[in-house]
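Everything below concerns the one structure shown next.
There are 2 protein chains.
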Amino acid sequence: MGGDVGPKVTIPAIAKACELHPDVRFLIYGLEADTLPLIAAYPIVGERSEFIGCDVAISMEEKPGSALRRGRKVSSMWQAIDAVKADNAQAAISAGNTGALMAMSKVVLRMKPGIERPALACIWPTLRGESIVLDVGATIGITASQYAQFAVMGRAYARVVLGVTEPTIGLLNVGVEDVKGTDNIREASEVINELGLNFSGFVEGDGIGRGDVDVVVTDGFTGNIALKTAEGTARQITTMLREAISASWMSRIGYVFARSAFNVLRERLDPNNANGGIFLGLNGIVIKSHGGADVDGFTSAIEVAIEVAKANINEVITRDIDDMQDVLENAWAERLL
Amino acid sequence: MGGDVGPKVTIPAIAKACELHPDVRFLIYGLEADTLPLIAAYPIVGERSEFIGCDVAISMEEKPGSALRRGRKVSSMWQAIDAVKADNAQAAISAGNTGALMAMSKVVLRMKPGIERPALACIWPTLRGESIVLDVGATIGITASQYAQFAVMGRAYARVVLGVTEPTIGLLNVGVEDVKGTDNIREASEVINELGLNFSGFVEGDGIGRGDVDVVVTDGFTGNIALKTAEGTARQITTMLREAISASWMSRIGYVFARSAFNVLRERLDPNNANGGIFLGLNGIVIKSHGGADVDGFTSAIEVAIEVAKANINEVITRDIDDMQDVLENAWAERLL
Chain H
710 MGGDVGPKVT
720 IPAIAKACEL
730 HPDVRFLIYG
740 LEADTLPLIA
750 AYPIVGERSE
760 FIGCDVAISM
770 EEKPGSALRR
780 GRKVSSMWQA
790 IDAVKADNAQ
800 AAISAGNTGA
810 LMAMSKVVLR
820 MKPGIERPAL
830 ACIWPTLRGE
840 SIVLDVGATI
850 GITASQYAQF
860 AVMGRAYARV
870 VLGVTEPTIG
880 LLNVGVEDVK
890 GTDNIREASE
900 VINELGLNFS
910 GFVEGDGIGR
920 GDVDVVVTDG
930 FTGNIALKTA
940 EGTARQITTM
950 LREAISASWM
960 SRIGYVFARS
970 AFNVLRERLD
980 PNNANGGIFL
990 GLNGIVIKSH
1000 GGADVDGFTS
1010 AIEVAIEVAK
1020 ANINEVITRD
1030 IDDMQDVLEN
1040 AWAERLL
Chain D
710 MGGDVGPKVT
720 IPAIAKACEL
730 HPDVRFLIYG
740 LEADTLPLIA
750 AYPIVGERSE
760 FIGCDVAISM
770 EEKPGSALRR
780 GRKVSSMWQA
790 IDAVKADNAQ
800 AAISAGNTGA
810 LMAMSKVVLR
820 MKPGIERPAL
830 ACIWPTLRGE
840 SIVLDVGATI
850 GITASQYAQF
860 AVMGRAYARV
870 VLGVTEPTIG
880 LLNVGVEDVK
890 GTDNIREASE
900 VINELGLNFS
910 GFVEGDGIGR
920 GDVDVVVTDG
930 FTGNIALKTA
940 EGTARQITTM
950 LREAISASWM
960 SRIGYVFARS
970 AFNVLRERLD
980 PNNANGGIFL
990 GLNGIVIKSH
1000 GGADVDGFTS
1010 AIEVAIEVAK
1020 ANINEVITRD
1030 IDDMQDVLEN
1040 AWAERLL
């Protein structure tokens, strides 16, 4: 039901995903009136899915507390997450209200042992390929050992989706020198350093797009602002490019010749291609699609869900956390002293 | 002496500024051996400047504490700032070590009454023109009333450099709704709201480049990461565009036709055109050029200095702060309760 458009985007995207992935089945949770006519329009969706009619849909503007009260048990969002808990689904996907999705996911699935708070991880296109950036908006204000937990989860996620055995990890800061940043972030650097990972130390904002590291660790406040600033800058530059090109006949002719190049650039910058953030740290997979995603974008989010479900991301993360449990616990104990 | 290159950039830039601004004179502080030969190579610089040989130059990597100990009184950076204090100069400009420049500026010039901490403000190119973003790296971790002080200073700066009588002001946050963000930033929003300015509330990362507001207020940690992420994204996209264009003969031909459009884009994106951050909150004008600026870039920084010195930015800020002193003081007192 979620996203700026709702089932008119999500159902066609499911149809597309059905064609691309013949081994995948869907449980579709939504309001009957909005959803059933669309399912009827895409026969492949009817064949490969089960529809579960729900009484409540969470709106995009609703506060998490209200969503939890009003949507508990009865909303499509709650029931989709609950299907993961009941092991009827291997992943839940929503383009809906981020805060509500996170709050419900925490209540229904609960945090993984050893992880105190969830992180929203995204795949960020870079000059070298792709990197993982987390947290881009789930958790604001974290401790040094929570940064370390994010590093462990981001590493596990990168191992699965980037296919890198030992990903490089960087901590987002205002400078690369040891003395830079807050006490908290310097302490986080020390804790991560003790984990024995492929830790490169601090990385600055311009290092993300350059692809300096495979995994960029930050808190949800800074990560969200970095992500949206990058999206805004990309939109700004492509708008400026379009304005500059259409300003003269000569450059419009040039555009015709260079069209393939512009298409390559558009493809590389298309936010749909990198759509699908994952909530890490829960006992189950929950994928957040951008609310403004179109059919291709929501299909990408479904594909992320399929990929991480098949790779058993949660087992990878659990194993990695267990391996580092002692170090993380010591770090946590020290914080409490 | 500062910047990645030093006098080989700064002296030719001074020569250029001398040509553009016949009414401006320069005091040049530096090591004789590095500086004098370059001044000799640009006669106009010799005519319009006074050279003061110094014994110490602060290096780019030096920590602020060490810079203060080693550079006190004797360094070119200290003496340039001291010239502002002694009223021998109306502004100091450096492409050197940002942390050292800020630390020395605070020691030499001291904070303006009513302002607790300094902010580094930059001019950010947007789709609507230009906006002011502060703080982009001077002060990390600020209180609600310090956010409000930054808002007052940013407004004064925007009035001078953007020429807007009553600039719109936004507070950088992870969402535009009242409930978003940290307690601190929500409290900051309340304090700024009481000042009676043209306050638009929260703005998200993608609102900066869109030009949603004239003045974006944030703390030095978030602002620095937003600025560098935007710079990195701009570099990433122009690199991708170059790669895409050079990938085929057709698109290279297209490039020739569309060259004027690409030049317009390059001009609009050139970081040199927006070079020159200002430290706000001090009893005197100190301008920070990007360390990597070339001759055109450092010339831009000089021009910012000339513009704000002529506009008496410090008087504007002082007057604006005095006007709001009661509100700011009440907010500050409440923080202490």
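Sequence lines, in order, name chains H and D. Numbered by my numbering, the letters in the first sequence go through residues 710 to 1046 in order. Numbered by my numbering, the letters in the second sequence go through residues 710 to 1046 in order. Idealized CB from N, CA, C, for every residue including glycine.
Looking at chain H, is there any beta carbon in it that lies within less than 8 Å of the beta carbon of residue i?
| i | result |
| --- | --- |
| F908(D) | no |
| F735(D) | no |
| I832(D) | no |
| I849(D) | yes |
| T938(D) | yes |
| T891(D) | yes |
| V973(D) | yes |
| A983(D) | no |
| F859(D) | no |
| A943(D) | yes |
| M959(D) | yes |
| A1014(D) | no |
| A800(D) | no |
At a Cβ threshold of 8 Å, is residue i touching chain D?
| i | result |
| --- | --- |
| I962(H) | yes |
| E913(H) | yes |
| G918(H) | yes |
| A766(H) | no |
| I954(H) | yes |
| T662(H) | What is shown of chain H runs 710 to 1046, which leaves residue 662(H) out entirely. |
Report the neighbours of residue i on chain D: residues whose CB is nearer than 8 Å to its CB, in chain order.
| i | result |
| --- | --- |
| T931(H) | F930, T931, I934 |
| V888(H) | K772 |
Assuming residue i and residue j are in contact, meaning their beta carbons sit under 8 Å apart, how far apart are those beta carbons, in whole angstroms?
| i | j | result |
| --- | --- | --- |
| V816(D) | L777(D) | 7 Å |
| G805(D) | G920(D) | Rounded, the Cβ-Cβ distance is 31 Å, inconsistent with contact. |
| A967(D) | Y964(H) | 6 Å |
| M786(H) | M813(H) | 6 Å |
| G715(H) | D743(H) | 6 Å |
Alpha carbon to alpha carbon, what distance is there between residue j and residue i?
| i | j | result |
| --- | --- | --- |
| V765(H) | I996(H) | 20 Å |
| E825(H) | M811(H) | 14 Å |
| G1000(D) | K717(D) | 13 Å |
| V1013(D) | G985(D) | 6 Å |
| A956(D) | N1023(D) | 51 Å |
| R944(H) | V883(H) | 24 Å |
| R757(D) | F735(D) | 6 Å |
| E940(H) | V925(H) | 17 Å |
| A1007(D) | T719(D) | Checking the sequence, you will find Phe at residue 1007(D) rather than Ala. Cα-Cα distance, rounded: 6 Å. |
| I851(H) | D928(H) | 6 Å |
| G711(D) | D915(H) | 22 Å |
| L747(D) | I761(D) | 14 Å |
| A860(D) | K782(D) | 33 Å |
| D887(H) | V842(H) | 21 Å |
| L871(H) | R864(H) | 10 Å |
| G993(D) | R779(D) | 23 Å |
| I753(H) | I1011(H) | 16 Å |
| L936(H) | A970(D) | 28 Å |
| I946(D) | A953(D) | 10 Å |
Whose CA, out of the options, lies closest to the CA of residue i?
| i | options | result |
| --- | --- | --- |
| I1030(D) | I962(D), T891(D), M862(D) | M862(D) |
| V1036(D) | G823(D), A865(D), T1008(D) | G823(D) |
| I878(D) | V912(D), T938(D), T947(D) | V912(D) |
| I901(D) | Y856(D), V924(D), R781(D), L881(D) | Y856(D) |
| T835(D) | N806(D), I917(D), S814(D), L906(D) | I917(D) |
| K772(H) | F760(H), W958(H), A809(H), D923(H) | A809(H) |
| V973(D) | S960(H), E976(H), A983(H) | S960(H) |
| I849(H) | P827(H), E759(H), V1025(H) | P827(H) |
| E896(H) | L880(H), L906(H), E728(H), G905(H) | L880(H) |
| L745(H) | H730(H), D732(H), V733(H), C763(H) | C763(H) |
| L829(H) | I987(H), D1032(H), A1020(H), A1002(H) | I987(H) |
| T807(H) | I767(H), R977(H), A970(H) | I767(H) |
| T874(D) | V1025(D), G739(D), N933(D) | V1025(D) |
List, in order along the chain, the chain H residues whose C-beta lies closer than 8 Å to that of residue i?
| i | result |
| --- | --- |
| L978(D) | I946, M949 |
| G846(D) | V883 |
Quick one: which chain D residues come within Cβ less than 7 Å of residue i?
| i | result |
| --- | --- |
| L881(H) | I934 |
Mind pulling the chain D residues with CB within less than 9 Å of residue i?
| i | result |
| --- | --- |
| V965(H) | G963, F966 |
Quick one: list the residues of chain H neighbouring residue i, beta-carbon separation under 7 Å, in chain order.
| i | result |
| --- | --- |
| S969(D) | S957, M959, S960 |
For residue i, decide whether its Cβ has a neighbour in chain C, counting only Cβ atoms nearer than 8 Å.
| i | result |
| --- | --- |
| N1023(D) | Within the model displayed, chain C is absent; protein chains H and D are what it includes. |
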